[in-house]
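Below is one structure, written out as structure tokens, with a few remarks after it.
Numbering (this note's numbering), first residue to last: 3 to 292.
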């Protein structure tokens, strides 16, 4: 039976770390602050916002919610993002997406300053990941995977790693981040043939599943000794939350993250950590200008 990689425990330890860092900043008169930008009342957006608020309270991070009508114009939203860019008391900005159809997502992402982009959506942040220069911040879910591996002291050096999914939210950035830890990485995606995907997964030591397909990874993909990070958040036919991995069929693996209680549980802790890191970096820049 696979051992659980408990995301809740990782999040608990991380939150204490964030709280300690936030306290150091507060002693200098800096209150780490996150602005959440939400357009409309999408249930998943509201749920994520609620989770972020709970985590922020535990981490001693201040949050300001900026909620706009579903019909808000692109010009108005860009104006508000511009204000947040200029507000020195706001250190991180989280824009809940996807945005309504009248708003160009690319334009909005480009409008946000990379140093305040605490969820890795700007080209500047992503460039930092792909070049290894660490400019900006990684997408929170991608970094959550790395935090879990670090917490459980899973060394990636020389390990064959299969990343299932090629999105900019998780697949591509986490592939770059595991490669930076000296893993040998193969990316599979929706156009990878079923037999080929099974072969690649079977040969891998680390499996990161992020394709958004309920229980698509089963016994044919798993081998003894494997570490599986299940990033998927899906609803099964019974209406229950499940991941991309068939949990029962993955019992042969050595370690696996549960859904819920795995990668998702760590994501908001990463968000708060990146807000505090942004606050520290911006404070240092201001000190250098004085």
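Ideal Cβ placement from N, Cα and C applies to all residues, glycine included.
query	result
In terms of residues, what are the limits of the alpha helix (DSSP H) holding residue 64?	Note, residue 64: premise wrong, no alpha helix (DSSP H); beta strand (DSSP E) at 64–70.
Determine, using beta carbons only, whether residue 9 and residue 266 come nearer to each other than 8 Å.	yes
Mind the definition here: the segment 177–186 touches the segment 226–241 only if three or more C-beta pairs lie below 8 Å; say whether that holds.	no
Which runs of the alpha helix (DSSP H) fall wholly inside the segment 54–115 and span at least 4 residues, in chain order?	76–88, 107–113
So the candidates are 119, 62, 59; which of them puts its Cα closest to the Cα of residue 84?	119
How many whole angstroms separate the CB atoms of residue 69 and residue 58, which I take to be in contact at a CB cut-off of 8 Å?	Contact flag wrong, Cβ pair sits at about 16 Å.
Just reading off the beta strand (DSSP E) that residue 162 is part of, what are its end residues?	162–166
Which stretch, first to last residue, makes up the alpha helix (DSSP H) that contains residue 201?	196–204
Quick check on residue 131: does DSSP put it in helix, strand or coil?	helix
Going by DSSP, name the residue or residues bridged to residue 209.	164, 230
Could you check whether residue 101 and residue 110 sit closer than 8 Å to each other, using their CB atoms as the reference points?	yes
Measuring alpha carbon to alpha carbon, tell me which residue in 72, 133, 32 is nearest residue 90.	32
Measuring CB atoms only, is the segment 154–165 touching the segment 181–195, in the sense that at least three cross pairs come out at less than 8 Å?	yes
For residue 63 versus residue 149, is the C-beta spacing smaller than 8 Å?	no
Suppose the cutoff is 8 Å on Cβ atoms and the five residues either side in sequence are ignored; what does the same chain contact list for residue 4 look like?	230, 252, 253, 254, 255, 256, 257, 258
Please check the pair residue 168 and residue 202, which I expect to be a contact at CB under 8 Å, by giving their CB distance rounded to whole angstroms.	Residue 168 to residue 202, Cβ: 14 Å. No contact.
Is it true that the CB of residue 162 sits closer than 8 Å to the CB of residue 205?	yes
Quick check: the Cα distance between residue 224 and residue 215, rounded to an integer number of angstroms?	16 Å
Check residue 137 in the structure and name its three-state DSSP category.	coil
Mapping DSSP to helix, strand and coil, what is residue 40?	strand
Residue 125 to residue 145, Cα distance in whole Å?	17 Å
On the premise that residue 243 lies in contact with residue 20, defined as a C-beta separation below 8 Å, what is that separation, rounded to the nearest angstrom?	With 8 Å as the limit, residue 20 and residue 243 do not qualify as a contact, their Cβ atoms being about 26 Å apart.
In chain order, what residues of the same chain have a beta carbon less than 8 Å from the beta carbon of residue 1, not counting five sequence neighbours either side?	Given a span of 3 to 292 for the chain in the structure shown, any question on residue 1 remains unanswerable.
Helix, strand or coil for residue 47 per DSSP?	helix
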